[in-house]
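Enquirer:
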Amino acid sequence: MAFLDKLTAAAKSAGDKANAAIEIGKLNMKIKSETASIEQFKAQIGDLLWAQYQAGSVTDPQIVALCESIAAANTTIDDLQAKIDQLKVEPEAEAAPVERHCPQCGAPVAQDARFCNSCGVRLE
Ligand SMILES: [Zn+2]
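By the count of the numbering used here, the sequence shown reaches residue 128 at its end, each step adding exactly one.
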């Protein structure tokens, strides 16, 4: 706390509001950084409890209930992903390759062909 008091005093004695604003900005950045650290630690606690739940070693009913919610959400995600996979596969399976033919002689021509291989007509 003494360190923070010194910083505050220094900023004020300079009589420079801009300096004070810069210090406040730095201190707010530090608060933001510490807050982010707390969230990371909380997430790690959650990961540990989740692992313990999966190992069957969690007995606290509140934590069990939360872990069951995670398990249910995971099941929902799996279902949704399966639907996405189905939607991705079906159009490919049904879409037959579009054939292209020469308008002049009717010979099959490559999609990117500029001239017919058979009769030599210019293709559009
Ligand atoms: Zn042709």
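We treat Cβ as the ideally placed atom computed from N, Cα and C, and that holds for glycine.
1) Which residues end up in the neighbourhood of ligand 3 when you take C-beta atoms closer than 6 Å to any of its heavy atoms?
2) Check each candidate in S61, G50, R104 and name the one with the smallest Cα separation from I74.
3) At the level of alpha carbons, what is the spacing between T63 and K10?
4) Return helix, strand or coil for P112, following the three-state DSSP convention.
5) On the DSSP bridge list, what partners appear for F119?
6) Considering Cα atoms alone, identify which of Q108, K21, D116 is closest to S122.
Expert: The structure says:
1) You won't find ligand 3 in this model; what it holds is ligand 1.
2) Per the Cα distances, G50.
3) The straight-line gap from Cα to Cα measures roughly 48 Å.
4) P112 sits in a strand when the DSSP states are folded into three classes.
5) Note: F119 sits in a beta bridge opposite R126.
6) Among Q108, K21, D116, the Cα nearest to that of S122 is on Q108.
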